[in-house]
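**Student:** Handing you a structure now.
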Ligand code: SF4
């Protein structure tokens with residue numbers, strides 16, 4: 192196998208300075224609030240994180256963390272997962288959404304790792320997004336958390352919602368949201384940014400029953416909280 196190519200770093204046009212300064216203030220406040228923010232998917236190596244992230248599509252991290260210990264104990268390596276009967280993978284992941292399709296993708300993904308990448312998880316966006324079941328979000332999770340490569344920003348439902356509410360973007364499309372976040376925040380913060388937004392989304396800015404006016408960061412930076420306070 193050829194050595195991994197360095198992940199190309201696309202040039203990002205930066206947002207105007209005042210917007211970047213405001214974004215940096217929000218980031219700092221979130222960092223102070225959630226100093227231990229980290230990837231919620233339990234994993235011990237890049238392969239396990241890749242598997243867990245593929246399983247996490249439209250499924251909670253909590254549920255994924257319930258099924259992966261058994262799966263990783265039975266099939267701990269790409270070779271073992273590739274050699275396994277797909278029915279064995281299905282048994283282990285049958286509690287997550289779309290388990291049949293995800294099991295099929297895991298089997299095909301493990302086979303591709305063995306056949307094309309010498310059993311190693313690749314370290315570029317281009318290669319990762321060729322793997323069955325792995326789109327850009329999965330690739331960003333793996334690059335950022337397993338390899339410390341800030342290629343892009345993971346945009347899940349929390350990141351999208353919070354980014355709109357904090358005024359970082361006006362878009363709904365994850366690709367456009369990601370582009371706006373990359374323009375606002377320095378590259379070194381991209382991986383942690385999504386953890387911080389996810390923590391705030393889970394603890395304060397819940398999709399239902401958001402704690403808007405009760406939260407100091409929200410009161411300072413979210414127009415929704417300001418509207419609520421004016422209406423009180
Ligand atoms: S003020 Fe409300 S809507 Fe805005 S970020 Fe906070 S919890 Fe979410």
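In the numbering used here, the protein residues as written are 192 to 423.
Built from N, CA and C at the ideal position, the CB exists for glycine as well.
1. Could you check whether the stretch 250-270 touches the stretch 348-358, counting it as contact only if at least three pairs of C-beta atoms, one from each stretch, sit closer than 8 Å?
2. If you compare alpha carbons, which of 376, 285, 305, 311 is closest to residue 213?
3. Taking DSSP as the reference, what is the three-state secondary structure of residue 326?
4. Look at the Cβ atom of residue 249, then the Cβ atom of residue 292, and state whether they are nearer than 7 Å.
5. Thinking residue 383 and residue 228 are a contact (beta carbons under 8 Å), I'd like their distance in whole angstroms, please.
6. Taking DSSP as the reference, what is the three-state secondary structure of residue 441?
7. For residue 300, which residues from the same chain have a beta carbon less than 6 Å from its beta carbon, with the 5 sequence-adjacent residues on both sides left out?
8. What number of angstroms, rounded off, separates the C-alpha of residue 274 from the C-alpha of residue 240?
9. With the cut-off set at 7 Å, would you say residue 337 and residue 316 are in Cβ contact?
10. Whose CA, out of 346, 210, 276, 277, lies closest to the CA of residue 386?
11. Here's a check: name, in chain order, each residue in its chain whose Cβ is nearer than 7 Å to the Cβ of residue 402, leaving out the five neighbours to either side.
12. With C-beta atoms as the reference, is residue 305 less than 7 Å away from residue 244?
13. Just mark residue 181 as buried or exposed, buried being the case when its beta carbon has 16 or more other beta carbons within 10 Å.
14. Using the rule of at least 16 other Cβ atoms within 10 Å of the residue's Cβ for burial, across every protein chain shown, is residue 192 buried or exposed?
**Tutor:** Result, derived from the coordinates:
1. no
2. Locating residue 213 in the chain shown gives position 22, counting from the first residue. Measuring from the Cα of residue 213, the nearest candidate turns out to be 376.
3. Along the chain shown, one-based indexing puts residue 326 at 135. In the structure shown, residue 326 sits in coil (DSSP, three-state: anything other than H, G, I, E or B).
4. For the purposes of this step, residue 249 is taken as residue 58 along the chain shown, with counting starting at 1. For the purposes of this step, residue 292 is taken as residue 101 along the chain shown, with counting starting at 1. Contact: no.
5. Your numbering for residue 383 matches position 192 in the chain shown. Your numbering for residue 228 matches position 37 in the chain shown. The Cβ separation is near 7 Å, so the contact holds.
6. Because the chain is modelled from 192 through 423, residue 441 falls outside the range shown and cannot be assessed.
7. In the chain shown, residue 300 corresponds to position 109, counting from 1. 322, 323, 324.
8. The sequence position of residue 274 within the chain shown is 83, counting from 1. The sequence position of residue 240 within the chain shown is 49, counting from 1. Computed Cα separation, rounded: 20 Å.
9. What you label residue 337 is simply residue 146 of the chain shown in a count that begins at 1. What you label residue 316 is simply residue 125 of the chain shown in a count that begins at 1. Against a cut-off of 7 Å, the Cβ pair of residue 316 and residue 337 comes out as no contact.
10. Translated into positions along the chain shown, residue 386 becomes position 195. The shortest Cα separation from residue 386 among 346, 210, 276, 277 belongs to 346.
11. Residue numbering aside, residue 402 sits at position 211 when the chain shown is read from its first letter. For residue 402, where only same-chain residues beyond five positions count, the Cβ hits under 7 Å are 395.
12. In the chain shown, residue 305 corresponds to position 114, counting from 1. In the chain shown, residue 244 corresponds to position 53, counting from 1. No, Cβ-Cβ distance for residue 305 and residue 244 is not below 7 Å.
13. No statement about residue 181 is possible, as the shown extent of the chain runs from 192 to 423 and does not include it.
14. For the purposes of this step, residue 192 is taken as residue 1 along the chain shown, with counting starting at 1. Because residue 192 sits at a pLDDT of 48, beneath the cut-off of 50, its placement in the model cannot be relied upon, and the following sentence gives the value as read from the coordinates. Exposed is the call here.
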